[in-house]
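Single-structure report; data block below.
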Amino acid sequence: MRDALEGSQAIARAVSLCKPDVVAAYPITPQTHIVENLSKLVAEGDLHTEFVSVESEFSAASVVLGAAAAGARAYTATASQGVLLMAEVLFNIAGMRIPLVMTVANRAVSAPLSIWNDHGDSMAVRDSGWIQLHAADNQEAVDTTIQAFRITQETELPVMVCMDGFILTHTMEVIDLPDQATVDAFLPPFEFARKLDPQDPKSLGTLVDPGFFAEVRHSHHAAMAKALSVIADTDSAWESATGRACGGLLTVEGDKDAAVGIVAMGSTTGTLRAGMAHHPDAGPARLIKLRSFRPFPAQALIEATDGLDHLIVIDRAISPGLGGILGTEIAAALADVPNAPKIHNHALGLGGRDIPETIYADLMAAVTDPDAPLVFDADMAKLAPEDR
Amino acid sequence: MIEFRIHGRGGQGSVAAAYLLATAAFEAGLMCQAFPAFGAERRGAPVTAFVRIGHDPIHLRSQVRTPDWLIVQDDSLLIDPNLTSGLKDGGSMIVNSARDSNEVASTFGCRALCIDATQMAVEEIGRPIPNTALLAAFLGLTGILPLKALGTALRGRFHGDVLENNLRLIERAARAVPDGAWKETEDA
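Quick note, the sequences are listed as chains A and B, same order. By the working numbering, the letter at position 286 of the first sequence is numbered 286, and the numbering carries on one by one without gaps. By the working numbering, the letter at position 128 of the second sequence is numbered 516, and the numbering carries on one by one without gaps.
In structure tokens, the structure reads:
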């Protein structure tokens, strides 16, 4: 049913539709409203789940790890410092191949302290072995959350649904929430073949000597590669069920014949779309909305960028000492492609810096500017000359 | 697409006003987007919230920089000369204030209307929270959305006496302004 909902409220209701057996979370801005709304649904009797209030994100992640390992559908949500406090457990969850869904309400990481949005938190656990899907708007966040429960069951890979903190979590917009019957038909009952069972004792995550560790990592990598088609197929199945799709691995829109392409993840894509519509004098672009960051859809990106002269890659985080993370990865993916586009990698919106519609024209103009800065919207006048 | 910026102080319900306005737009069959300027929230501190409404899906996610309308919930904020920053040519402001409308209009060089929404709120709901009265007065002035859409939005958010008192308050506030006086700029 269509309704005007705050993003966080919609996510809580989407999670509720998936009937998790266990929810454990510790509140942190800007994820808080998701947890508040979930606990309200429990208190009002609309969601029957084991809601575990914990004393930290480390515990939240540990609780859902244990719950899922024992065969329960489990969910948690966090952001920023919470992701970092969970980090050790996140690697364990992925390494043990535990099916789980977690929302990350993307927020910058301290220091300096910032409660505002960027992708520094999910990027910090980029290599944890979780699937990472980015939502461009709250409808996609809702649809991706429900899809994530199916993807995680099918792949035995945990799924992180990344949504821009505040920009999506605190924004009310028109959202179509599916009904319970649609979700029930789409999402099979939770089953975990390797679940911990006293009648059939086994161990998970035990010591592995050098004779097996490499094989475990290789199989994890192979499972991620296989997950690419699961992510795309699950989105197609969702489209069949609801008429809505989120773009599978990535979406190509805008002017498909343009010489310039722009790749972005998350809510930035909407502002770029508006910018292109309202600044026709800046020229057309092919807009590529990347949904699946892990697994990284290298082949889909090669196809999506075919024929471009220039490719602007927007990062919402940086790796100090390297530069843009997504930009570096896309450059690597295109390294062996003949006539690959020249890559222009920029970071935008760090620590909640507002991204205006005019950024589209600025980015397009910067294609011919070899001195355009990596942190594109940084005000160099605020910096000492030696730091510029 | 019509863009709104709501200025107030923590505790006056500026963010709630943004959500109510967006919900009313949805109830009237429009697309909507509402969000606060994300800051440290504390009572009395300046708060800004944004609303966009229109017939088409809304993709832009920046803060509202060039509003068509300003809704000002606290007249102590009028000391800020940047209050009307980015206001579109022909844009207007409605202010919760007992001051003279013409004086405020000439200070900021835009059309302005002052209404003492706090006083009405104190009388009708017993609390100095001006948001629903100010929204109702705004809708009465502009006819952008029917008042009953705001009533529906209130029913989704409040219950019991709080709801009944607010429904009475919005009827009173809408009648307190010249009906449809700013209607010529309606363009959703």
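Even for Gly, the Cβ is constructed at its ideal location relative to N, Cα and C. It should be emphasised that the depicted structure is a prediction, and the values quoted were computed from it without experimental measurement.
- Listed in chain order, the positions of the stretch 349 to 366 of chain A with a beta carbon within less than 7 Å of a beta carbon of chain B are Gly352, Asp354, Ile355, Pro356, Glu357.
- By the 16-neighbour rule on beta-carbons within 10 angstroms, Gly432(B) is exposed.
- Counting every other CB atom within 10 Å of its CB across the protein chains shown gives Leu527(B) a total of 16 or more, marking it as buried.
- Against chain A, the CB of Phe392(B) has no partner CB under 7 Å away; the residue lies outside that interface.
- At a C-beta separation below 7 Å, Phe546(B) has no neighbours in chain A, since its nearest C-beta there lies roughly 16 Å away.
- Scanning chain A for C-beta atoms nearer than 8 Å to the C-beta of Leu523(B) yields nothing, as the closest lies near 15 Å away.
- Of the candidates Gln9(A), Leu383(A), Met96(A), Ala285(A), the residue whose Cα lies closest to the Cα of Asp257(A) is Ala285(A).
- By the neighbour-count criterion, in which 16 or more other beta carbons inside 10 Å mark a residue as buried, Asp209(A) falls on the exposed side.
- The stretch 118 to 136 of chain A makes contact with the stretch 279 to 294 of chain A, as at least three CB pairs between them are under 8 Å.
- Between Phe438(B) and chain A, the shortest Cβ-Cβ separation is not below 7 Å.
- Comparing C-alpha distances from Ala69(A) to each of Met380(A), Ala225(A), Leu157(A) shows the shortest one belongs to Leu157(A).
- Taking 7 Å as the cut-off, the Cβ atoms of Tyr360(A) and Leu287(A) do not count as close.
- In the three-state reduction of the DSSP assignment, Met160(A) falls in the strand class, which pools E and B.
- Listed in chain order, the positions of the stretch 400 to 413 of chain B with a beta carbon within less than 7 Å of a beta carbon of chain A are Tyr407, Ala410, Thr411.
- Distance from the CA of Gln147(A) to the CA of Ala10(A), rounded to the nearest whole angstrom, comes to 15 Å.
- Annotated as proximal: Asn553(B) and Glu512(B), with beta-carbon spacing under 7 Å.
- The alpha-carbon separation between Ala521(B) and Asp377(A) amounts to approximately 39 Å.
- Cβ contact annotation for Thr234(A) (same chain, cutoff 7 Å, sequence separation greater than five): Gln147, Arg150, Ile151, in chain order.
- Residue-level contact by beta carbon holds for Met419(B) and chain A, with a gap shorter than 7 Å.
- One finds nothing in chain A with a Cβ atom closer than 8 Å to the Cβ of Ala416(B); even the nearest lies about 11 Å away.
- For the pair Ile394(B) and Ala412(B), the CB atoms are not nearer than the 7 Å cut-off.
- Counting only Cβ-Cβ distances below 8 Å, Val263(A) has no contacts in chain B at all, with the closest Cβ about 17 Å away.
- It is roughly 18 Å from the alpha-carbon of Ser229(A) to the alpha-carbon of Ala241(A).
- When secondary structure is reduced to three states using DSSP, Ala361(A) falls in the helix class.
- Taking a 10 Å sphere around the C-beta of Asp336(A), we find fewer than 16 other C-beta atoms and assign the residue as exposed.
- The bridge partners DSSP lists for Val252(A) are Ile288(A).
- Residue pairing by DSSP places Met481(B) opposite Leu458(B), Ala500(B) in a beta bridge.
- Listed along chain B, the residues sitting closer than 9 Å to Ile167(A) by beta-carbon distance are Phe423, Phe426, Arg449.
- Residue nearest to Tyr26(A) within the set Thr182(A), Ala61(A), Gly254(A), Ala232(A) is Ala61(A) (criterion: CA-CA distance).
- Interface criterion not met: the Cβ of Thr368(A) is under 7 Å from no Cβ in chain B.
- Distance check between Ala141(A) and each of Asp127(A), Val125(A), Arg126(A), Met160(A) places Met160(A) closest, using alpha-carbon atoms only.
- The beta carbons of Met96(A) and Leu196(A) sit no closer together than 7 Å.
- The beta carbon of Phe190(A) sits closer than 6 Å to the beta carbons of Arg73 from its chain, once the five residues preceding and following it are set aside; these are given in chain order.
- Ala564(B) is not a Cβ neighbour of Leu529(B), given a cutoff of 7 Å.
- Residue burial annotation: Thr506(B) is buried, with at least 16 other C-beta atoms found within 10 angstroms of its C-beta.
- Short of 7 Å from the beta carbon of Ala24(A), and not among the five residues preceding or following it, lie these beta carbons of its own chain, in chain order: Val52, Val54, Ala60, Val63, Val64, Thr76.
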